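Going from the sequence shown to the working numbering is simple: count from 1 and add 187. Since the structure comes first, as structure tokens, the remarks are kept for the end.
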Amino acid sequence: MRVVRGMSQSLCIVLLLFTCPALSAQNSSAQKPSAQKDDHPIRNIVLVHGAWADGSGWKSVYDILVKDGFNVSMVQEPETSFKEDVAATKRVLALQEGPCILVAHSYGGAVITEAGTDPSVAGLVYIAAHMPDTGENEADDGKRFPSDLAKSGAIKKTPDGFTYIDPGQFHELFAADLPAEQAAFMARSQVFNFADNFKAVITTAAWRSKPSWMLVAGGDRTINPDLERWYAERAKSHKVEVAGASHVVYISHPKEVAALIEEAASRAQ
Numbered sequence: 188m189r190v191v192r193g194m195s196q197s198l199c200i201v202l203l204l205f206t207c208p209a210l211s212a213q214n215s216s217a218q219k220p221s222a223q224k225d226d227h228p229i230r231n232i233v234l235v236h237g238a239w240a241d242g243s244g245w246k247s248v249y250d251i252l253v254k255d256g257f258n259v260s261m262v263q264e265p266e267t268s269f270k271e272d273v274a275a276t277k278r279v280l281a282l283q284e285g286p287c288i289l290v291a292h293s294y295g296g297a298v299i300t301e302a303g304t305d306p307s308v309a310g311l312v313y314i315a316a317h318m319p320d321t322g323e324n325e326a327d328d329g330k331r332f333p334s335d336l337a338k339s340g341a342i343k344k345t346p347d348g349f350t351y352i353d354p355g356q357f358h359e360l361f362a363a364d365l366p367a368e369q370a371a372f373m374a375r376s377q378v379f380n381f382a383d384n385f386k387a388v389i390t391t392a393a394w395r396s397k398p399s400w401m402l403v404a405g406g407d408r409t410i411n412p413d414l415e416r417w418y419a420e421r422a423k424s425h426k427v428e429v430a431g432a433s434h435v436v437y438i439s440h441p442k443e444v445a446a447l448i449e450e451a452a453s454r455a456q
């Protein structure tokens, strides 16, 4: 480009960018905010809680993921029927713009195994969770490696068929690595889960066709850690283990849980 003598410096720059599209594009890219960079192709995360809990338990994991630039949604399952819990999950999946990573804790693992066939789901993350196969249910799978909770008699049932954990044994069997005061509040704010939900049969196991990750809670007394390991081996999941963690590892070890979710977001296709 020929520069006319006496032309102002600012005008020269404008003309240079106008006549050199590649340079203009390069300059625009350099000024692109870091938050918009595609470091992770998947930015949407959907979190599903387990039985006897609600979505508020994900708060610390949520905070980490949001700080790292992810769009995070939480499903509040009614726990009144497995079908309604799956529907609640699909309702949130329908709101996602683009692919997502679907994450679940405990009983929520069965829910996402059923709901995760949704085309928006690119990968599944199981946090100390059940992972039944097609034709299975978590109640029968649990008999492979019985948990301390299952053998304790601490699971109680209301006259209308809803289950809860005896508040006096909740801390020991469900949330041993949380402060006693926090566990006591969780015990008294349990969401009662309909007993038949644990026997709901999976029609199509999403992990059969999509990549999966499993976090094993090494000190879990609600789901036997050996069952979590067995699930992961069968599904050929990417597996990590948090030694000594209780069933509520997503509350007591949010950094490790968030790290696994972010790994899934970076590796799922």
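Quick reminder that beta carbons are idealized off the backbone N, C-alpha and C, glycines included. Just so we're clear, the structure is a prediction, and the values are computed from it rather than from any experiment.
**Beta bridge counterpart(s) of N258 as assigned by DSSP** = N231
**Asked** For V262, which residues of its own chain have a beta-carbon under 6 Å away from its beta-carbon, when the five flanking residues on both sides are left out?
**Response** V235, A275, T276 and V279
**Asked** Helix, strand or coil: how does DSSP classify T390 here?
**Response** coil
**Message:** Rounding to the nearest angstrom, what Cα-Cα distance links G507 and Q377 in this structure?
**Reply:** Look at the range of the chain in this structure, 188 to 456, and you will see that residue 507 is not part of it.
**Item:** Sub-8 Å separation of S433 and G406 beta-carbons
**Value:** yes
**Message:** So, does the stretch 313-326 touch the stretch 291-301, judging by three or more C-beta pairs under 8 Å?
**Reply:** yes
**Prompt:** Relative to the alpha-carbon of L402, which residue among F381, F379, V427 and P412 has its alpha-carbon at the smallest distance?
**Reply:** V427
**Exposed unless 16 or more other CB atoms sit within 10 angstroms - verdict on R395** = exposed
**Asked** DSSP state of A212, grouped into three classes?
**Response** Bear in mind that the predicted position of A212 carries a pLDDT of just 38, short of 50, making it unreliable; the figure below should be weighed with that in mind. Looking at A212 - three-state DSSP - the assignment turns out to be helix.
**Request:** Indicate whether the contact test is met: 3 or more Cβ pairs, each with one atom in the stretch 328-340 and one in the stretch 363-383, closer than 8 Å.
**Result:** no
**Prompt:** Rounded C-beta distance between V290 and V233? I'm assuming under 8 Å.
**Reply:** 7 Å
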